[in-house]
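J.: Residue numbers (the numbering used here): 1260 to 1999.
Backbone N, C-alpha and C define an ideal beta-carbon position, used for all residues, glycine too.
Encoded as C-alpha cells, here's the structure I'll be asking about.
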C-alpha cells in the first residue's frame, strides 16, 4: 500500500513540476508586455503615480456586519460621477471584451511586435488558461462590474464620495518574491515525500487541489466562498525536504535555548535512531532505602534507542509521575536532563502505601528538532482565510501572522487593525477589490509538511502518549506529614507560585491539594470573595472552559455578543453584584471580523488591561496557549513581551486589581501531531518565567503543567473536574489576599 502511494505522489509531483514550469514561461511572456508603471497602477488606488507600493494607503469602509452565514451583506454600489463625452477610463483603454472562445489579449503601448514574437506555444494550445494575475483581475471585473463602475483614474478617485467611517485606516502593501521563484524551489522536491494530510491527518476539509495562480477557480464568480470548496492561488503546499534549514526567523543570540540546542541536528531517517520507550529503563537511585512519608524519592531514567544502543545525548521530552495503588493519589516528578541520555526525577513522598512510578516519552529529541526545523522552514504551520467584499464582489485569500504567504506576490498588512500584532492576508486578485475591502477572518487549513518515511511513521498518530514499559514499584511507610500546619493559600507569597521545581499540588481523589498552603475555600467564602468583583477571563477555548464551569454554579444572567462560543460573553449576579466575563484572544484565533471602529472585533489583552477602571475590584486571568502552538514561538514571545507596559500601568492605577497568568497544560490528544503538540507548552512556560520576571511579586503564575501531567490528561480541553479544581486553586490564592 505504501509503495503504491509513493508511486502516486511521485507521479503527482512530476506533473506539478511541468505545470509550474509552464506557468513560469507564461508569466514571463505576459510581464514583458506590461510596463512597470502600469503594474504599480494596479496597487496605487489613490492615483498617485510613482508612489512606492509599500506606502500605498487605503481608506477603511464603513460598517461591515456579518449575516448568519458569516458573509457580509452586499454593500451599496458607489456610482461614478458623469464623465465628459468620449472619456474612457484606464481600464477601458487597457482591456477590451473578447469572446469566451478566444484567448484574452492585452493591448498596451509596448505590446506591438514584441508581444507577437514572444508568445509561447502553450498559450496558443491552451486558450482557456488565465494568463497572469494582472489579466485575471481585469477580466474578472469585466465580467462582474460594468466599465462605468471601475474607478482607477485619479480624477474619478478624487471625485468619489468618501466612505463614512469612524476611524479611517491605512494599510500597507508588501511585495514578496515572485511566485515563479517559489515554484523553482518546489522543482527540487524529492521523490519519496510524505505528508500526514495524505494519511487523513492534519486536514479539516476534503478540498480539491487547485494549485497554480492561473487556475480559473481562484477569482471572480468561479471562486467558491466556502472553505470546503474554495480555491486559492497556491494551495497550502509542500516544500522540498531538507531545504531552508538555515533560514532562521530569529538571530542566534535571540533564539530560545531549546531551539539552539537542536539547530544543527540532522533529520532522522530511521526510527531506530530515536529513543525507544520499550528499551529504556527506569531505576531507583536508592533501592535499599525504606521510604517514608516526607522523604524525597529519586529516580533515574536511562534512554536507549531502537537498536538497543545507549543514548549519549539529552534533549528528549521525558515526563515522570507517581500513582498510589488504585490510582487514588497522583503527583508529578520534577525532571532534570543530565545531557548524557539520562534523566533524574525527584518526588515528594506524600502518602503511605504501595505506589508505582510511571514515565512517558511523548517527544524524542529527533522529533523536537524536526518540529523546530518546520517552524524555520514554513514559519507558520496553519493558514487562515481572509474574506473580502465590495458591492457583492467577493474573494477569499490566504492569511498568516507572517508576510510570506505562498502564491501571493502582494500582501495586505493588517497589523494596525490587529492592535499592532502581525497579521497579513494575500491581496485580492480581482481588480475591483483592494486591501480596504477586508471584512472577516476564518481558519483555513494546516500547512502540508514534507516528511520522510521515518518522520511520517513517527508523527502519524492521534495520541502522543508513549509510556515507558519500565516501571518502579515501591512501598511508602508512615512518616512526617509534609502538609501539616500549612498556612492558608491566601497568605502564600505571590513569588512562591513562580517556583516550578516544586509541583503546586497533588491529587487526592478528585481534589487538588496544594503543597505549600491549605486551600480553605467553600461556597460561602467564594461568594464573599466575588462580592462587588469582576472576574475577567481572557484567552482561548481552554479558558472558556473555566467560564462554562463557573456558569453551572454561578447562577447569573448571561449577556452574549454574537455567537456565544467565539465572542465576548458576560453574566451578572445581582445578589452579590458580581460580573463574570470571558473575552476571546485576538488573532491568531480561528475567526474574527472588522468592527465599527475599523479594528478587529477581538481585542488584544493589552486593550482590556488599559480599560480596567482605577476604582474597581477585578480578578484578571490571562491564558495564551493553544492557537500559538501552530506558529513560530517568536509570535508567542512577542505577545508576552507586549504585556509588560499594560501590566505595569494597570497595577499602578488600580490597587484592588489582582492578575494571574495561567500557564500551559499537557495534552496527549491532538488532531495534528506535527502542528499541535504540547511540547511547546514547556517552552512557553520558560518564556513566561523569563519575560515577566519583574512581576513575580505582583502577578500570580498558575502552574498546571505538573498537575495535568500527574493526571495523564489526554484532551486539549481538560475535563470538568480538572477545570473545577484549577479554578478553586486560583480563588484560594487571590481571595482574602491583601491588596498590593
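Kindly indicate which three-state DSSP category residue 1748 falls into: helix, strand or coil?
T.: In the structure shown, residue 1748 sits in a helix (DSSP, three-state: H, G or I).
J.: Rounding to the nearest angstrom, what Cα-Cα distance links residue 1848 and residue 1625 in this structure?
T.: Approximately 29 Å between the Cα atoms of the pair.
J.: Tell me which residues share the same chain as residue 1979 and place their Cβ nearer than 7 Å to its Cβ, disregarding the 5 neighbours each side in the sequence.
T.: Closer than 7 Å at Cβ, skipping near neighbours: 1808.
J.: If I follow the unbroken beta strand (DSSP E) through residue 1593, where does it start and stop?
T.: Run containing residue 1593: 1593-1596, per the beta strand (DSSP E) assignment.
J.: Which residue or residues does DSSP assign as beta-bridge partners of residue 1671?
T.: 1432, 1684, per the DSSP bridge assignment.
J.: Ignoring anything shorter than 3 residues or poking outside the stretch 1739-1813, list the beta strand (DSSP E) runs there in chain order.
T.: With a minimum length of 3 residues, the continuous beta strand (DSSP E) runs that stay inside the stretch 1739-1813 are 1764-1767, 1770-1773, 1793-1798.
J.: So residue 1898 is in the alpha helix (DSSP H); what residue range does that whole segment cover?
T.: From DSSP, the alpha helix (DSSP H) with residue 1898 extends over 1892-1900.
J.: Cα separation between residue 1981 and residue 1732?
T.: Cα-Cα distance, rounded: 26 Å.
J.: Apart from the five residues on each side of it in sequence, which residues of its chain come closer than 6 Å, Cβ to Cβ, to residue 1984?
T.: Within the same chain, residue 1984 has close Cβ partners 1771.
J.: In terms of residues, what are the limits of the beta strand (DSSP E) holding residue 1606?
T.: First-last of the beta strand (DSSP E) with residue 1606: 1601-1607.
J.: What are the boundary residues of the alpha helix (DSSP H) that residue 1869 is part of?
T.: Per DSSP, residue 1869 belongs to the alpha helix (DSSP H) from 1864-1870.
J.: Whose C-beta lies closer than 7 Å to the C-beta of residue 1835 among residues of the same chain, with five residues either side of it excluded?
T.: Closer than 7 Å at Cβ, skipping near neighbours: 1786, 1789, 1790.
J.: Count the other C-beta atoms from every protein chain shown that fall within 10 angstroms of the C-beta of residue 1924, then say buried if there are 16 or more, exposed otherwise.
T.: Classification of residue 1924: buried, given that the 10 Å Cβ count is 16 or more.
J.: Spatial neighbours of residue 1657 within its chain, please: CB distance less than 6 Å, with the 5 preceding and 5 following residues excluded, ordered by chain position.
T.: 1491, 1642, 1664, 1685, listed in sequence order.
J.: Cβ of residue 1975 within 7 Å of Cβ of residue 1921?
T.: No, the Cβ-Cβ distance between residue 1975 and residue 1921 is not below 7 Å.
J.: Please list the terminal residues of the continuous alpha helix (DSSP H) segment that includes residue 1943.
T.: From DSSP, the alpha helix (DSSP H) with residue 1943 extends over 1938-1950.
J.: Report all residues from its chain with a CB closer than 7 Å to the CB of residue 1845; omit the five preceding and five following residues, and keep chain order.
T.: Around residue 1845: 1677, 1678, 1680, 1859, 1861, 1862, 1863.
J.: Alpha carbon to alpha carbon, how far is residue 1516 from residue 1968?
T.: Whole-angstrom Cα-Cα distance: 23 Å.
J.: Do you know whose CA, among 1839, 1738, 1902, lies nearest residue 1792's CA?
T.: Answer by Cα proximity: 1839.
J.: Give the DSSP-derived three-state secondary structure of residue 1545 in the structure shown.
T.: Residue 1545: coil per DSSP, three-state reduction.
J.: For residue 1646, which residues does DSSP report across the bridge?
T.: Answer by DSSP bridge pairing, in chain order: 1655, 1699.
J.: DSSP three-state label for residue 1969, please.
T.: It is helical.
J.: If you compare alpha carbons, which of 1857, 1607, 1521 is closest to residue 1550?
T.: Per the Cα distances, 1607.
J.: From the DSSP output, in three-state form, read off residue 1626 for me.
T.: Of the three classes helix, strand and coil, the one that applies to residue 1626 here is helix, per DSSP.
J.: Contact between the stretch 1903-1921 and the stretch 1704-1717 is defined here as three or more beta-carbon pairs at a separation below 8 Å; is this criterion met?
T.: The stretch 1903-1921 vs the stretch 1704-1717: no contact.
J.: Does the distance from the C-beta atom of residue 1882 to that of residue 1764 stay below 7 Å?
T.: Going by C-beta atoms, residue 1882 is not nearer than 7 Å to residue 1764.
J.: Based on the DSSP secondary-structure assignment, which residues constitute the bridge partners of residue 1617?
T.: Residue 1617 is bridged to 1580.
J.: May I ask you to report which of helix, strand or coil DSSP gives residue 1516?
T.: Reduced to three states, the DSSP call for residue 1516 is helix.
J.: Decide if residue 1868 is buried, meaning its Cβ has at least 16 other Cβ atoms within 10 Å, or exposed.
T.: Buried: at least 16 other Cβ atoms inside 10 Å.
J.: Which same chain residues, not among the five before or five after residue 1578, have their C-beta less than 6 Å away from its C-beta?
T.: The answer, listed in chain order, is 1619, 1968.
J.: Using 8 Å as the Cβ pair cut-off and three pairs as the minimum, do the stretch 1927-1944 and the stretch 1721-1737 touch?
T.: The stretch 1927-1944 is in contact with the stretch 1721-1737.
J.: What would DSSP say about residue 1847, mapped onto helix, strand or coil?
T.: In the structure shown, residue 1847 sits in coil (DSSP, three-state: anything other than H, G, I, E or B).
J.: If residue 1767 and residue 1991 are in contact, beta carbons under 8 Å, what's the gap, nearest whole angstrom?
T.: Between residue 1991 and residue 1767 the Cβ distance is about 15 Å, and since that is not below 8 Å, they are no contact.
J.: Is the number of C-beta pairs between the stretch 1594-1602 and the stretch 1553-1571 that are closer than 8 Å three or more?
T.: Yes, since at least three Cβ pairs between the stretch 1594-1602 and the stretch 1553-1571 fall closer than 8 Å, the two stretches touch.
J.: Which first and last residues belong to the alpha helix (DSSP H) in which residue 1980 is found?
T.: Segment 1979-1993, the alpha helix (DSSP H) holding residue 1980.
J.: Could you check whether residue 1613 and residue 1760 sit closer than 7 Å to each other, using their CB atoms as the reference points?
T.: Going by C-beta atoms, residue 1760 is not nearer than 7 Å to residue 1613.
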